[in-house]
Amino acid sequence: MTAEDPIAATRRWLERAVIGLNLCPFAKAVLAKGQVRFVLSAAATPEQLLEELSSELVLLEQSDPERIDTTLIVHPQVLGDFLDFNDFLDLADGAVAALDLEGEIQVASFHPDYQFAGTAYEDIGNCTNRSPYPTLHLLRESSVERAVAAFPNPDVIVERNLATLEQLGHEGWRKLTAE
């Protein structure tokens, strides 16, 4: 890892790629309202990250959604290997269940080497979930449901994202996400 500020890099990725390319049509409003909590994890082990994740799940659940609607936990020192990260997601879902937050909060995942099942590593569609650092995204289910209900035909988002990324190409993605 470089000496770059992981939160600044994540915010830049969120603004340029996620919002700039409209990969998530729901992200712009919560960022503009200051309702995104960015957390830089100091965790060096999966166990430490799991503890921090559990604390953040409780904090999000107990917070006023007008103040904190969603949380991004950026963890540059742990789970750099995508397969380890992917395995950790079962533990993350277990933490949601153990805290009795199923149906309340979900955990989405982003990673520099993200690869959807059944795709080749170099498939451009993987870039929809490629962030500068491993990141866990905590989302309120009620906010997701409201956003999806307000969006005309949300089923087209995935298709539109793939078309956008295919048009942009790998070189365009690199330029967009470069400092």
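For the record, in the sequence shown the residue sitting at position 106 is 109 according to my numbering, with numbers rising by one throughout.
Even for Gly, the Cβ is constructed at its ideal location relative to N, Cα and C.
Check                                                                                              : Outcome
Reduced DSSP secondary structure (H/G/I, E/B, other) of Gln51                                      : helix
Short Cβ contact (7 Å threshold) for Phe119 with Thr138                                            : no
The region 161-171 in contact with the region 22-30 per 3-pair CB rule at 8 Å                      : yes
For Phe41: DSSP bridge partner residues                                                            : Leu75
Where Arg143 sits in the DSSP three-state scheme                                                   : strand
Sheet register partners of Thr1 (DSSP bridge)                                                      : What the structure shows of the chain is the stretch from 4 to 182, and residue 1 is not part of that stretch, so it cannot be assessed.
Sequence-distant residues of its chain with Cβ nearer than 7 Å to Ala150 (five each side left out) : Phe29
C-alpha gap between Ala11 and Pro115, whole angstroms                                              : 15 Å
First through last residue of the alpha helix (DSSP H) which encompasses Gln170                    : 159-180
Bridge-paired residues (DSSP) for Ile22                                                            : None, per the DSSP bridge assignment.
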